[in-house]
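S.K.: I'd like to ask some things about the structure below.
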Amino acid sequence: MQTPPKSLTLTLEDGTRLTGQSFGAYTETAGEVVFNTGMVGYPESFSDPSYKGQILVLTYPLIGNYGIPKQAIDDHQLECFFESEAPKITAVIVSEYSENYNHWEAVESLGEWLKKYNIPGLTGLDTRALTQKIRTKGAMLGTITKSAHTKNSFYDPNLANLVAQVSIKEPTTYSAGKKHVAIIDCGMKLNILRNFLKRNISVTRVPWNFNFWELKTKFDGVFFSNGPGDPAMLKETISLMQESFQHKLPIFGICLGNQIMGLAAGAKTFKMKFGHRSQNQPCIDTETGRCYITSQNHGFAVNAKSLPKDWKVWMENANDKTVEGIKHKTLPFFAVQFHPEATAGPTDPEYLFEKFVKIL
879 MQTPPKSLTL TLEDGTRLTG QSFGAYTETA GEVVFNTGMV GYPESFSDPS YKGQILVLTY
939 PLIGNYGIPK QAIDDHQLEC FFESEAPKIT AVIVSEYSEN YNHWEAVESL GEWLKKYNIP
999 GLTGLDTRAL TQKIRTKGAM LGTITKSAHT KNSFYDPNLA NLVAQVSIKE PTTYSAGKKH
1059 VAIIDCGMKL NILRNFLKRN ISVTRVPWNF NFWELKTKFD GVFFSNGPGD PAMLKETISL
1119 MQESFQHKLP IFGICLGNQI MGLAAGAKTF KMKFGHRSQN QPCIDTETGR CYITSQNHGF
1179 AVNAKSLPKD WKVWMENAND KTVEGIKHKT LPFFAVQFHP EATAGPTDPE YLFEKFVKIL
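Residue numbering for the sequence shown follows the numbering used here, beginning at 879 and increasing consecutively.
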């Protein structure tokens, strides 16, 4: 006789309780409940360090049917199919989970993969209704428990330094060419690193609070990566950005790097109601009027009105008019809130890597 699936209960801080079936690890956890509207790309999304501390709700109804790919290394010695060495989400909630999978590169089910890393999955919930609640009330804290009667202990990941947990621990150099870029790793996706290496750029990748200017290496440019949490907590990273301004070398930032650049320039950031987490966010280049479809994963943004007069809003979200990119009016400093490296998502804005490389 087949063993019936075990149940898990999601409890939100507004008192909502929803019970479904367990897959992945049968364990309890807590975090911030957010949603992603992408149809595919869950191996890449789940391994994105920017999701650290978050319980991820997927709106697409069928999840798991192409499994999890094998671990493979590319020519740059980077993972081919994942954005870090392990999944970073706290938990995942889906409408309908498929333990059966079919893909020529798949080697295990999503549930098996999550179980290896002690990450719970919850299936059988109305994820569309749950998403509507989050859109209406905003991202909320939540717990996943084995009993609906368990006393809940909520955890707000935005009060912790998540970047310190996902950043590289020691400086690492990747040699690829004559030009050399310092990357401040705040939880960098591997495809960002790959985009530099495939353009023959040598990279020194350093921790979030490491003063790379004390190294003897001559850098041609500086890059600040994506990462999780509240950017205002990263005082040391903001100071590194401000010190980098003084050198007047080209500086590029993505996602959290955009927020760090804004804060270093003197602007303010704010927590969005429910953030942008999808693969189809339209962003308008304010200089050309062109619209790009972008992949995004963030819950904080730069306040446009707080930008100093020598800075400008470069990219703007076509849906809610939030800042999607900033740049200095005269110096080679620019950043975007979206992910030009995609994985998963469209690669339309990948030209931004070329833009940066050309001015090194």
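Don't be surprised by glycine CBs; every beta carbon is placed ideally from N, CA and C.
Three or more C-beta pairs closer than 8 angstroms, one from the stretch 1086-1098 and one from the stretch 1022-1035: is that the case here?
M.R.: Too few Cβ pairs lie closer than 8 angstroms, so no.
S.K.: Does the beta-carbon distance from Gly942 to Val972 come in below 9 angstroms?
M.R.: The answer is yes: Cβ separation under 9 angstroms.
S.K.: Could you pull the start and end residues of the alpha helix (DSSP H) that Lys1236 belongs to?
M.R.: From DSSP, the alpha helix (DSSP H) with Lys1236 extends over 1229-1236.
S.K.: Measuring alpha carbon to alpha carbon, tell me which of Pro1186, Phe913, Ile1061, Ser1156 ends up nearest Arg1006.
M.R.: Of the candidates Pro1186, Phe913, Ile1061, Ser1156, the one whose C-alpha sits nearest the C-alpha of Arg1006 is Phe913.
S.K.: Taking all protein chains shown into account, do 16 or more other C-beta atoms lie within 10 angstroms of the C-beta of Val918, making it buried, or fewer, making it exposed?
M.R.: Exposed, since its Cβ has fewer than 16 Cβ neighbours within 10 Å.
S.K.: For the alpha helix (DSSP H) containing Arg1006, list its first residue and its last residue.
M.R.: Note, Arg1006: alpha helix (DSSP H), 1005-1015.
S.K.: For the beta strand (DSSP E) holding Gly999, just list the boundary residues, first then last.
M.R.: From DSSP, the beta strand (DSSP E) with Gly999 extends over 998-1001.
S.K.: So, are the CB atoms of Gly1140 and Val1235 less than 9 angstroms apart?
M.R.: Taking 9 angstroms as the Cβ cut-off, Gly1140 and Val1235 do not qualify as a contacting pair.
S.K.: Cα-Cα, which of Asn1175, Trp1192, Pro1186 is closest to Thr1166?
M.R.: The option with the nearest alpha carbon to Thr1166 is Trp1192.
S.K.: By DSSP, does Val1059 sit in helix, in strand, or in coil?
M.R.: Three-state DSSP puts Val1059 in a strand.
S.K.: Ignoring anything shorter than 3 residues, give me the beta strand (DSSP E) runs that lie fully in the stretch 891-932, in order along the chain.
M.R.: Taking only runs of at least 3 residues, the beta strand (DSSP E) segments lying wholly in the stretch 891-932 are 895-902, 907-914.
S.K.: Mapping the DSSP letters down to three states, classify Phe1097 as helix, strand or coil.
M.R.: Looking at Phe1097 - three-state DSSP - the assignment turns out to be coil, as it is neither helix nor strand.
S.K.: Since Gly931 and Leu1040 should fall inside the 8 angstroms C-beta cutoff, what is the C-beta to C-beta distance between them, to a whole number of angstroms?
M.R.: At roughly 5 angstroms, the Cβ-Cβ gap stays under 8 angstroms, so Gly931 and Leu1040 are in contact.
S.K.: Tell me the residue span of the beta strand (DSSP E) that contains Gly1020.
M.R.: From DSSP, the beta strand (DSSP E) with Gly1020 extends over 1018-1023.
S.K.: Where does Ile1129 fall in DSSP's three states?
M.R.: Correct three-state label for Ile1129: strand.
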